[in-house]
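Chains as they are written, first to last, in this note's numbering: chain A, 825 to 1106; chain B, 132 to 492. For each residue, glycine too, the CB sits at the ideal point set by N, CA and C. Since this is a predicted model, take the numbers as computed values, not measurements. Report on the structure given below.
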Amino acid sequence: MTTTPSALHGSSPGSSPDSGSPPGPGQPPDSLLDVRRVSLAFDGIHALDDVSFEVRRGEVCALIGPNGAGKSSMLNVVSGLYAAQQGEVRFEGQVLSGARELSRRGIARTFQNIALFRGMTVLENVALGSDFRARSTFLEQALRVGRAPREERRARDEAEVIIQLLDIAGHRDDVVGRLPYGLQKRVELARALSARPKLLLLDEPMAGMTFDEKRDMCRYLMDAHEKLGTTLVLIEHDLGVVMDLSDHVIVLDYGRKIADGSPEAVRADAAVVRAYVGSFET
Amino acid sequence: MSSDASVWQRAREPGAAKLSARVVVRAALVLAAAALLVALPLLVDDYVLSAILVPLLALSLAGIGQNLVTGYAGQLFVGAAAFMSVGAFAAYDVHLYLPSTPLLATFAAGGLVAAATGALFGLPSLRIRGFYLVVSTLAAQFFVEWLFTKVGWFSGNSSSGVITAPPLRIAGVSFSSPGGHYWLSLLIVAPLTLAAHNLVRGRIGRGWMAVRDMETAAAVVGVPVRASKLLAFAIGSFYCGVAGALWAFAYLGTVEPHGFDLDRSFQILFIVILGGLGSVAGTFLGAAFIVLFPIALDQAVAAVAGRSVDPGLLQNLEKVLFGALVILLLAKQPAGLARLVEIAWIRARRFAARYAPRSRS
Ligand SMILES: Nc1ncnc2c1ncn2[C@@H]1O[C@H](COP(=O)(O)OP(=O)(O)OP(=O)(O)O)[C@@H](O)[C@H]1O
Ligand SMILES: [Mg+2]
Chain A
825 MTTTPSALHG SSPGSSPDSG SPPGPGQPPD SLLDVRRVSL AFDGIHALDD VSFEVRRGEV
885 CALIGPNGAG KSSMLNVVSG LYAAQQGEVR FEGQVLSGAR ELSRRGIART FQNIALFRGM
945 TVLENVALGS DFRARSTFLE QALRVGRAPR EERRARDEAE VIIQLLDIAG HRDDVVGRLP
1005 YGLQKRVELA RALSARPKLL LLDEPMAGMT FDEKRDMCRY LMDAHEKLGT TLVLIEHDLG
1065 VVMDLSDHVI VLDYGRKIAD GSPEAVRADA AVVRAYVGSF ET
Chain B
132 MSSDASVWQR AREPGAAKLS ARVVVRAALV LAAAALLVAL PLLVDDYVLS AILVPLLALS
192 LAGIGQNLVT GYAGQLFVGA AAFMSVGAFA AYDVHLYLPS TPLLATFAAG GLVAAATGAL
252 FGLPSLRIRG FYLVVSTLAA QFFVEWLFTK VGWFSGNSSS GVITAPPLRI AGVSFSSPGG
312 HYWLSLLIVA PLTLAAHNLV RGRIGRGWMA VRDMETAAAV VGVPVRASKL LAFAIGSFYC
372 GVAGALWAFA YLGTVEPHGF DLDRSFQILF IVILGGLGSV AGTFLGAAFI VLFPIALDQA
432 VAAVAGRSVD PGLLQNLEKV LFGALVILLL AKQPAGLARL VEIAWIRARR FAARYAPRSR
492 S
């Protein structure tokens, strides 16, 4: 799959994304993620209420909304950690069923409260991101024969590439649990990227960061997006960042989707302005 | 595949192998250590071989098994001795009922039967964890002890109740001297240690640690969580099983179920906690501590008080002092002896780096 930069930004001449008329009876060719009428409730609390949306291949899609709107729940449903009571999630036209097949299907994610392997080094964490590709058996690994040595070298080399891309080479052999918060966020991104996912789900990748850290993080995300051709879905509270990065914005409020469109359209939407009283004035 | 190829290749350089002086020095050190280990029976007396080194190697091997399950895969369990017991009896039974089986094959059989048993008793780990898992793994301890005491078939229905371990011969070469016991132990423990090292440094080991550190994230990055846990139990029990056979054949010269009781299981667990959870090398340090401490104390007391100390008193003193030392160590360095040695090593190198240039100039 070769992706050209123009296709990445959804501005290729062939398909007009806003026309709403798919070419065939099935999926539009560039639909990567398709969330259909998903509802999720926790003991009576409707975290998600009949939410549908699509994410096109190559776009940067932001998922925004006030606290408790259901954004994290949405990502958890997509990644199979929560089972929706209703609706389904399709990825490349196929239903997604559970967290276990996530990496193999080409989806990686980060978590709102960092979910790194705290007792392991940065390199090991990042290598784990791509380990799912390896095929060697435990005997091959125990004896260092067959596919094992080759795969191990490959895993480490690939981890190294990502480590360089995200400027964390200085911390390669540090135990992750002892790193400062901002760096941990970056290591988590590195682990997700080393899977070379088609779709990357990011739950508040910049939360709690300083201005400089945020700017760096934006650059890493755009690097991944442009150089690796990764489609991004990100949850973010900083509307400046959202308007800057994304091609497509989806707004959730009390578990319902209240807006879905280009950043400009969403910004002008009355319902969104109501949900975000005053937030846009800055 | 094409547009990003350059990006993926850019960082190959740092990973490229450098055959530096350091690598050569390291290889030389490893070779020297290996030579020393092999030549040890020529340097020390029989007492050191049979009362210290052979049990040390067997306990270390069991400790590695426990460490794979608890230190790496994060599954708390008490009952390593049960799998040692299974290994010892299975190896003995293979020898008893299939007398032509080569010695090393009986060890392997002991390990494999223990592995199957371990995977079985590891099944609860798919549902429960922590304290509850400890309790459920204790079931193995009591069940196995009961089984081997009650069912005579396992001990060949011997009327005297005493089982004699098979003669230790490999391809016609006898390993029956104290030095032979040691070499046999080394022959088994060294490759298995290397294999464990390979496993924990590779994908399987990373998967285990991922399960230990955060199960949800492990599943999301594609680690097969359940399979990883069961594999840890199976491989860990394999190590315990071979260790049990070694303990019975090379150290005790007999097989008996009560040698593998709950005390032994706690001993193995202590070895791992003392040595360092998640450190293969640390396991040997832990085992050395456990084996050497009572001997050292014995000698110290004998030196101070002469030969007149009551053995009962000595045993109690040993327990108290041992407990105090363990608490002190874990309070000062929860990561165990492995970390302690690592820190000492780093300090020594820093010290050397600071003073070496000055002494040369
Ligand atoms: N595991 C859970 N158990 C019970 N309730 C939950 C659970 N996860 C989420 N919820 C509830 O679902 C609703 C949506 O939560 P969610 O975490 O998805 O919001 P969010 O949009 O990510 O908010 P924030 O911006 O604060 O992260 C909240 O009312 C929350 O309390
Ligand atoms: Mg959230």
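Closer than 7 Å to a non-hydrogen atom of ligand 4 - does that hold for the CB of residue 283 of chain B? Among the ligands modelled here, namely ligand 1 and ligand 2, ligand 4 does not occur.
Please list, in chain order, the residues of the segment 348 to 377 of chain B that have any C-beta partner in chain A closer than 9 Å. 348, 349, 350, 351, 352, 353, 354, 355, 356, 362 and 366
Closer than 8 Å to chain B by CB, residue 801 of chain A: Residue 801 of chain A falls outside the range modelled here, since chain A spans only 825 to 1106, and no answer is possible.
Sheet register partners of residue 884 of chain A (DSSP bridge): A:1056
Rounded straight-line distance, which links the Cα of residue 1058 of chain A to that of residue 376 of chain B: 56 Å
Taking residue 824 of chain A as the reference, which of A:1080, A:901, A:1040 and A:1021 has the closest Cα? Residue 824 of chain A lies beyond the range of chain A shown here (825 to 1106); nothing can be said about it.
Chain-ordered chain A contacts of residue 413 of chain B [CB-CB under 7 Å]: None at all; the shortest Cβ gap to chain A is about 14 Å.
On the DSSP bridge assignment, give the partners of residue 866 of chain A in chain order. A:869
Between which residues of its own chain and residue 374 of chain B is the CB-CB distance below 6 Å, once the five residues before and five after are set aside? Take residue 374 of chain B, set aside five residues on each side of it, and the residues of its chain with a beta-carbon closer than 6 Å to its own are 189, 192, 193 and 215, in chain order.
Taking the runs of the alpha helix (DSSP H) that are 4 residues or longer, which of them lie wholly in the segment 144 to 185 of chain B? 152 to 174
Is residue 896 of chain A near ligand 2, going by C-beta to nearest heavy atom under 7 Å? yes
Going along the chain, which residues of the segment 905 to 933 of chain A sit with their C-beta nearer than 8 Å to a C-beta in chain B? From the segment 905 to 933 of chain A, only 905, 923, 924, 926, 927, 928, 932 and 933 have a Cβ closer than 8 Å to chain B.
Within the same chain, show all residues whose beta-carbon is closer than 8 Å to that of residue 485 of chain B, passing over the 5 residues directly before and after it, in chain order. none
Nearest by alpha-carbon distance to residue 867 of chain A: which of A:1033, A:909, A:998 and A:956 is it? Considering only alpha carbons, the answer is A:909.
Looking at the structure shown, is residue 449 of chain B part of a helix, part of a strand, or coil, going by DSSP? helix
In the DSSP assignment, find the alpha helix (DSSP H) that holds residue 854 of chain A and state where it starts and stops. Note, residue 854 of chain A: premise wrong, no alpha helix (DSSP H); not H, not E.
When A:858, A:933, A:1051 and A:944 are compared against residue 920 of chain A, the one with the closest alpha-carbon: A:858
8 Å Cβ cutoff, residue 866 of chain A in contact with chain B: No, because no Cβ of chain B sits closer than 8 Å to the Cβ of residue 866 of chain A.
Run of the alpha helix (DSSP H) containing residue 404 of chain B, from where it starts to where it stops: 393 to 406
Tell me the residue span of the beta strand (DSSP E) that contains residue 1074 of chain A. Going by DSSP, residue 1074 of chain A is part of the beta strand (DSSP E) stretching over 1072 to 1077.
Using the rule of at least 16 other Cβ atoms within 10 Å of the residue's Cβ for burial, across every protein chain shown, is residue 147 of chain B buried or exposed? Note that residue 147 of chain B scores 46 on pLDDT, short of 50, meaning its location in the model is unreliable and no value can be drawn from it.
Give me the chain A residues within the contact set of residue 344 of chain B, using Cβ-Cβ distance strictly less than 8 Å, ordered along the chain. Those are 940, 941, 942, 943 and 944, listed as they occur along chain A.
Would you kindly check if the distance between the Cβ of residue 337 of chain B and the Cβ of residue 1017 of chain A is under 8 Å? no
For residue 1062 of chain A, verify whether its CB is less than 7 Å away from any heavy atom of ligand 2. no
Is there contact here, the segment 1067 to 1087 of chain A with the segment 974 to 989 of chain A, by at least three beta-carbon pairs under 8 Å? no
Quick check: the Cα distance between residue 166 of chain B and residue 384 of chain B, rounded to an integer number of angstroms? 27 Å
With a CB to CB cut of under 6 Å and the five nearest residues on each side skipped, what residues in its chain are close to residue 851 of chain A? Unreliable placement is indicated for residue 851 of chain A, whose pLDDT of 49 sits below 50; the coordinate value is still reported in the next sentence. So the list reads 917, once near-sequence residues are dropped.
Interface partners of residue 335 of chain B on chain D, CB under 7 Å: In summary, chain D is missing from the structure at hand, where the protein chains are A and B.
To which residues of the same chain is residue 276 of chain B closer than 6 Å at the C-beta, ignoring the five residues directly before and after it? Answer for residue 276 of chain B: 388, listed in chain order.
Residue 338 of chain B CB to nearest chain A CB: under 8 Å? Under the 8 Å criterion on CB atoms, residue 338 of chain B is classed as interfacial with respect to chain A.
Taking 8 Å as the limit between beta carbons, can you name the residues of its chain near residue 448 of chain B, skipping five residues before and five after? 428 and 432
Smallest Cα separation from residue 371 of chain B: which of B:481, B:203, B:212 and B:179? B:212
Check whether the Cβ of residue 1059 of chain A lies closer than 7 Å to any heavy atom of ligand 2, and answer yes or no. yes
Can you tell me where the alpha helix (DSSP H) holding residue 367 of chain B begins and where it ends? 356 to 377
For a contact meaning CB atoms closer than 9 Å, what does residue 1084 of chain A contact in chain B? Chain B residues near residue 1084 of chain A: none, gap ~26 Å exceeds 9 Å.
Compile a chain-ordered list of the residues in the segment 313 to 331 of chain B whose CB is closer than 7 Å to at least one CB of chain A. 326, 329 and 330
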